[in-house]
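Peer 1: Quick note, the sequences are listed as chains A and B, same order. Just so we're aligned, residue 1 is where the first sequence starts under my numbering, counting upward by one. Just so we're aligned, residue 1001 is where the second sequence starts under my numbering, counting upward by one. Every residue gets a Cβ at the ideal spot worked out from N, C-alpha and C, and that includes glycine. If you're wondering where the values come from, they're calculated on a predicted model, not measured in any experiment. Starting off with a structure, shown below.
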Amino acid sequence: AQTVTQSQPEMSVQEAETVTLSCTYDTSENNYYLFWYKQPPSRQMILVIRQEAYKQQNATENRFSVNFQKAAKSFSLKISDSQLGDTAMYFCAFRASTGTASKLTFGTGTRLQVTL
Amino acid sequence: NAGVTQTPKFQVLKTGQSMTLQCAQDMNHEYMSWYRQDPGMGLRLIHYSVGAGITDQGEVPNGYNVSRSTTEDFPLRLLSAAPSQTSVYFCASSSRTGVTEAFFGQGTRLTVV
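In structure tokens form, the structure reads like this:
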């Protein structure tokens, strides 16, 4: 079974600054995918970024990038130039590429507050 | 673009009542899942399906029932609601092939009194 751990329940960052959210996971799978989802107050789950485990290059999406360390089983999210609209709950999630690929395992989330 | 449609968005039930949360997707996804979200616990898998006619239990299946008679629909039934089932429920779908993320419905906030 997979586990996903987010050790930062809450974080705060000033507008235009950079913040990094941590995520570690445990799995015996070799091929898998990792995701960061954003959940604003509207409750909608929005994909922020995804990483394929077989790719060594870290994924980037505009102001969002990840630091993927496969050996350390670490998958942190960096948000650059933080904006007020980034205020949300952020969830790290794991999905195997085969077998249990239909299931996502989530961390407990990090609540991010962007302040003026 | 409808994506994943969940109904209702809000519901209040009395203890012991039954109800069905509806979920429909129009993306022809093979995989569909139900999660519940509770404070401090993230999203936990209730039941999931890998295709029509095939369902299986997730992490927290007790008190819930599902069926998948078509690719599009995956309803979640609460057989006899309990206060412990007060939660936000999400339906999600994803494709079996490729590196695709799960697409989520808007969620249902359920309160059992």
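Can you find the residues in the same chain that come closer than 7 Å, C-beta to C-beta, to residue 9 of chain A, ignoring five residues on each side of it along the sequence?
Peer 2: Same-chain partners within the cutoff: 110, 111.
Peer 1: Between the beta-carbon of residue 1044 of chain B and the beta-carbon of residue 1060 of chain B, is there less than 7 Å?
Peer 2: Yes, the Cβ-Cβ distance between residue 1044 of chain B and residue 1060 of chain B is below 7 Å.
Peer 1: Do you know how far the Cα of residue 108 of chain A is from the Cα of residue 145 of chain A?
Peer 2: Here chain A comprises residues numbered 1 to 116, so residue 145 of chain A is not present and cannot be evaluated.
Peer 1: Check whether the Cβ atoms of residue 1058 of chain B and residue 1046 of chain B lie closer than 7 Å to each other.
Peer 2: Yes.
Peer 1: Considering only residues of the same chain and omitting the five flanking positions on each side of residue 48 of chain A, which have a CB-CB separation below 6 Å?
Peer 2: Once the five neighbours on either side are set aside, the close Cβ partners of residue 48 of chain A are 36, 38, 64.
Peer 1: Starting from residue 1047 of chain B, trace the beta strand (DSSP E) in both directions and tell me its first and last residue.
Peer 2: From DSSP, the beta strand (DSSP E) with residue 1047 of chain B extends over 1042–1051.
Peer 1: 7 Å is my cut-off, CB to CB: does residue 1043 of chain B come that close to chain A?
Peer 2: For residue 1043 of chain B, the answer is yes, since a Cβ of chain A falls inside 7 Å of its Cβ.
Peer 1: Which residues of the segment 1049–1073 of chain B have a Cβ closer than 8 Å to any Cβ of chain A? Give them in chain order.
Peer 2: Cβ contacts with chain A: 1049, 1050, 1058.
Peer 1: Under a CB-based cut-off of 7 Å, is residue 1104 of chain B close to chain A?
Peer 2: Cβ-Cβ to chain A under 7 Å: yes for residue 1104 of chain B.
Peer 1: Quick one, which of B:1011, B:1006, B:1026, B:1023 has its alpha-carbon nearest residue 1087 of chain B's?
Peer 2: When only C-alpha atoms are compared, the closest one is B:1011.
Peer 1: Going by C-alpha to C-alpha distance, which of B:1090, B:1102, B:1085 sits closest to residue 93 of chain A?
Peer 2: For residue 93 of chain A, the nearest C-alpha among the options comes from B:1102.
Peer 1: How would you call residue 1033 of chain B, buried or exposed, if buried means at least 16 neighbouring beta carbons within 10 angstroms?
Peer 2: Buried, by the Cβ-count rule.
Peer 1: With a CB to CB cut of under 7 Å and the five nearest residues on each side skipped, what residues in its chain are close to residue 80 of chain A?
Peer 2: Only 18, 63 meet the Cβ criterion.
Peer 1: Assuming contact is defined by CB atoms lying nearer than 7 Å, are residue 4 of chain A and residue 105 of chain A in contact in what I supplied?
Peer 2: Yes, the pair counts as a contact, with Cβ atoms nearer than the cut-off.
Peer 1: Hey, residue 1074 of chain B and residue 1090 of chain B: beta-carbon distance below 7 Å or not?
Peer 2: No, the pair does not count as a contact, with Cβ atoms beyond the cut-off.
Peer 1: Nearest to residue 1071 of chain B by CA position, among B:1002, B:1021, B:1025, is which residue?
Peer 2: Minimum Cα distance to residue 1071 of chain B is reached at B:1025.
Peer 1: Using the three-state DSSP reduction, which class does residue 86 of chain A fall into: helix, strand or coil?
Peer 2: Looking at residue 86 of chain A - three-state DSSP - the assignment turns out to be helix.
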